[in-house]
Structures are given as C-alpha cells and as structure tokens.
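Asks: Here you go, one structure.
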Ligand SMILES: O=C(O)CCC(=O)C(=O)O
Ligand SMILES: [Fe+2]
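Residue numbers (UniProt numbering): 1 to 321.
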C-alpha cells in the first residue's frame, strides 16, 4: 500500500504574490495584473503581505486543535445544523459520488453581527453553533473570520482590476455575504489506507474564492493541466488562495478553478483554516456582465445562492437525508 503521490512544488505553476501594494493602495493595478496572470494559469496563488497578524492565526489554530481533540460526545452537541453550521464529523463529506468519504473533520461558522445575529434568509446560513466547553472559541474564530474576509475583499478588488473592471465589480452585492469559514482537521493517515483514501478527495471549490491558511505539516496537492498532481507545500508567512467554480463561471473560464486534494502522510495531525468567500445569495453570476450582452458564455447565468445549494447537496451526506 502507498499514498497518492505528487511531484515536487514548482513556483512557475503556483506563483507567490505580495499583495501589500494592493492593500496599502501604492500599486493596486500591478498586483491586479499579477493576480490575473496567476488566475489564468492554475488559479492557485501563494499570497504574502496579507496582513493577518500571526497572533490571530495562532490563537485560531490553538482553539481549533483543542476543539477537535475534545470528546466526540461533546462535539456531538453542536453537530452540523441544517444551515451548515457546527461540527461535521469524519465521513460526512465526499467530493465525488464514487469516492471514499474524506478523513477530515471540520467546524463551520459564518458571518455574524456584533450582537451574534445572523441573516436567516437562506438555506446555507443560520445561527453559528459554539461549544459550551470552549468559551473562547467564538471570539477567536470570529477574529480570524474578519481578517481572512478582509483579505478576500482585497483580492476580489485585485481580480476586478486585473480584468480591467471597476474594482467593486465582484463586491457590488456583498452586504450580507454567504461567506463561511471552517477549521479543518486531518488525522494522520496510515499508509495501509491506500492510494484512493484522502483527507479531502480531489475536488474543485464550489464558490467564488478560497483563502487557505495551512499549518506547517503539508499534504495539499494541486492538479496541473496534464492531469499530474503537484505538491503545494506550506510557505512560512503565506496563505494560499484559489479560484472557485463560481469565479471561473463568472469570468467564463478566463480564470481557472483547479482540482486539488489532501493526503496527510506526515504521521501527525494537520489543521487548516479555510475561508470561503461568496457574495450575497441573490448575486447573479453572469459572464455577460463582464464581456457584454452579445457574449455567449460556456455556462448559463445562475445565482450564487442557488448554485451553492446544489453543490452542497451533492457533497454532504447530512443534507441528503
Ligand atoms: O486543507 C487544505 O489544504 C485544503 C482544504 C480544501 O481544499 C477545502 O477546504 O476546500
Ligand atoms: Fe478545496
């Protein structure tokens, strides 16, 4: 038995971009052009100069690990809700119909107002579920969410600039975003499980943009245009962002949503902090808004909310009951 293999990292395929000039306004267009080039390639990008304080990342990680290492009976108390909030235990997610279920566990939460309230207008959001046994988790998780969401906003402005659009193009409807975040925990994966078992099986991300903060363990693999898998190891101080299916659709595939997977062959626990950026549910995703009414996009217009509901129903067994 063996692990699913991947080739060594190649920084021509997954470039590193410093987004400081976009964040501080000194040269947003240069960053936009670099993001554009990277998104037209594999659509995976290492981001430096993201501005999330190390302390925010560290406290989020510590809280997340304490949560996952807790007694399963306690975690059961905040089992995933019909609104996709809370704890999703091992085996609850499957990225392809014929694949083995993922080994990961996750905890999912979303935007909430200062008073803890959440818009209740869509099947993919509802009250966040916080564990009583970890009273600090809410503040640590929300701090991470706020910072990572801000990074996503900067990047969406950069992508718009890179496409020659108004910088607010992708953010016009994002007052009540469907964005959500997850702590994702990968137990060590024994070699005997074989090459068809993954922490997360091969998939493309459903939404607009994913902002990923890996730990130092490694295990993320990205598929290149030839179908080969390449490693995307952690680079100190950087995040990885990747184009999701909705951004590929919005740009009529000028930007690429690339398959990726996780194999945790390290013998250690692995933890990721994942922010999925999506605008308001009713946002129309229509490439003709970019290329003009006469353009015939590969995929018809949809709304962000309807599309995500459809994808979630296929991926998560708890939604099929
Ligand atoms: O943990 C990782 O490195 C990747 C996670 C991932 O692909 C996802 O949550 O969509
Ligand atoms: Fe993913």
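C-beta atoms are modelled at their ideal positions from N, C-alpha and C, and glycine is treated no differently.
Quick check: is any heavy atom of ligand 1 less than 7 Å from the C-beta of residue 265?
Replies: Within the chain shown, numbered from 1, the residue matching residue 265 stands at position 265. Not so, every heavy atom of ligand 1 lies at least 7 Å from the Cβ.
Asks: What separation, rounded to the nearest whole angstrom, lies between the Cα atoms of residue 266 and residue 193?
Replies: Position 266 of the chain shown, counting from 1, holds the residue named residue 266. Position 193 of the chain shown, counting from 1, holds the residue named residue 193. So the two alpha carbons sit approximately 14 Å from each other.
Asks: Can you tell me whether residue 107 is helix, strand or coil according to DSSP?
Replies: For the purposes of this step, residue 107 is taken as the residue at position 107 of the chain shown. Residue 107 falls in the strand class under three-state DSSP.
Asks: When the Cα of residue 82 is compared with those of 114, 116, 19, 120, which residue comes out closest?
Replies: On the chain shown, position 82 is the one that residue 82 refers to. Considering only alpha carbons, the answer is 120.
Asks: Would a C-beta distance cut-off of 8 Å place residue 278 and residue 177 closer than the cut-off?
Replies: Locating residue 278 in the chain shown gives position 278, counting from the first residue. Locating residue 177 in the chain shown gives position 177, counting from the first residue. Yes, the pair counts as a contact, with Cβ atoms nearer than the cut-off.
Asks: Secondary structure at residue 197, three-state DSSP: helix, strand or coil?
Replies: As a position in the chain shown, residue 197 is number 197, starting the count at 1. Three-state result, residue 197: coil.
Asks: By Cβ distance, which residues of its chain are closer than 6 Å to residue 33, with the 5 residues on each side in sequence left out?
Replies: In the chain shown, the residue the question calls residue 33 occupies position 33. If we look at residue 33 and ignore the five residues flanking it on each side, its Cβ neighbours are 162.
Asks: In this structure, what does DSSP give as the bridge partners for residue 186?
Replies: The sequence position of residue 186 within the chain shown is 186, counting from 1. DSSP output for residue 186 lists 270 as bridge partner(s).
Asks: Please give me, in chain order, every unbroken run of the beta strand (DSSP E) with length at least 3 that falls completely inside the segment 30-93.
Replies: For the segment 30-93, whole beta strand (DSSP E) runs of length 3 or above, ordered along the chain, are 44-48, 86-88.
Asks: Residue 185 to residue 293, Cα distance in whole Å?
Replies: As a working mapping, residue 185 is identified with position 185 in the chain shown. As a working mapping, residue 293 is identified with position 293 in the chain shown. About 44 Å.
Asks: Could you tell me if residue 264 is buried or exposed, where buried requires 16 or more neighbouring beta carbons within 10 angstroms of its beta carbon?
Replies: As a working note, residue 264 is residue 264 in the chain shown. The residue is buried, with at least 16 neighbouring Cβ atoms inside 10 Å.
Asks: What are the boundary residues of the beta strand (DSSP E) that residue 130 is part of?
Replies: In the chain shown, the residue the question calls residue 130 occupies position 130. Segment: none, residue 130 is in no beta strand (DSSP E) and carries neither H nor E.
Asks: Measure how close the beta-carbons of residue 123 and residue 309 come, nearest whole angstrom, since I'm counting them as under 8 Å.
Replies: If you number the chain shown from 1, residue 123 lands on position 123. If you number the chain shown from 1, residue 309 lands on position 309. Rounded, the Cβ-Cβ distance is 6 Å, consistent with contact.
Asks: Among the residues of its own chain, which have a CB less than 7 Å from the CB of residue 50, if the five just before and after it don't count?
Replies: For the purposes of this step, residue 50 is taken as residue 50 along the chain shown, with counting starting at 1. Within the same chain, residue 50 has close Cβ partners 19, 151, 239.
Asks: Since residue 13 and residue 230 are thought to touch, with beta carbons under 8 Å apart, how far apart are those beta carbons, to the nearest angstrom?
Replies: Residue mapping note: residue 13 aligns to position 13 of the chain shown, counting from 1. Residue mapping note: residue 230 aligns to position 230 of the chain shown, counting from 1. 6 Å between Cβ atoms; contact.
Asks: Per DSSP, what kind of secondary structure is residue 96 in: helix, strand or coil?
Replies: Here residue 96 refers to the residue found at position 96 when the chain shown is read from its first residue. Correct three-state label for residue 96: coil.
Asks: Nearer than 7 Å: is that true of the beta carbon of residue 97 relative to any heavy atom of ligand 2?
Replies: Translated into positions along the chain shown, residue 97 becomes position 97. Residue 97: no, Cβ never under 7 Å from ligand 2.
Asks: Any heavy atom of ligand 2 within a distance shorter than 7 Å of the CB on residue 205?
Replies: Along the chain shown, read from residue 1 onward, the residue named residue 205 stands at position 205. Yes - ligand 2 has a heavy atom lying nearer than 7 Å to the Cβ of residue 205.
Asks: Whole-angstrom Cβ separation of residue 219 and residue 262, contact assumed at under 8 Å?
Replies: For the purposes of this step, residue 219 is taken as residue 219 along the chain shown, with counting starting at 1. For the purposes of this step, residue 262 is taken as residue 262 along the chain shown, with counting starting at 1. Yes, they are in contact, since the Cβ atoms of residue 219 and residue 262 sit about 5 Å apart, within 8 Å.
Asks: Rank 126, 130, 43 by C-alpha distance to the C-alpha of residue 78 and give the top, closest one.
Replies: In the chain shown, counting from the first residue as 1, residue 78 sits at position 78. Ranking 126, 130, 43 by Cα distance to residue 78 puts 130 first.
Asks: Taking C-alpha atoms, which residue in 295, 60, 7, 89 lies nearest to residue 102?
Replies: As a working note, residue 102 is residue 102 in the chain shown. Ranking the options by Cα distance to residue 102, first place goes to 89.
Asks: Within a Cβ cutoff of 7 Å, which residues of the same chain sit near residue 318, ignoring the five residues on either side of it in sequence?
Replies: The residue given as residue 318 occupies position 318 in the chain shown. Closer than 7 Å at Cβ, skipping near neighbours: 80, 92.
Asks: Under 8 Å by Cβ, that's how I've got residue 106 and residue 183 pegged, so tell me the actual separation to the nearest angstrom.
Replies: On the chain shown, residue 106 is found 106 positions in, with the first residue counted as 1. On the chain shown, residue 183 is found 183 positions in, with the first residue counted as 1. Right, their Cβ atoms sit about 6 Å apart.
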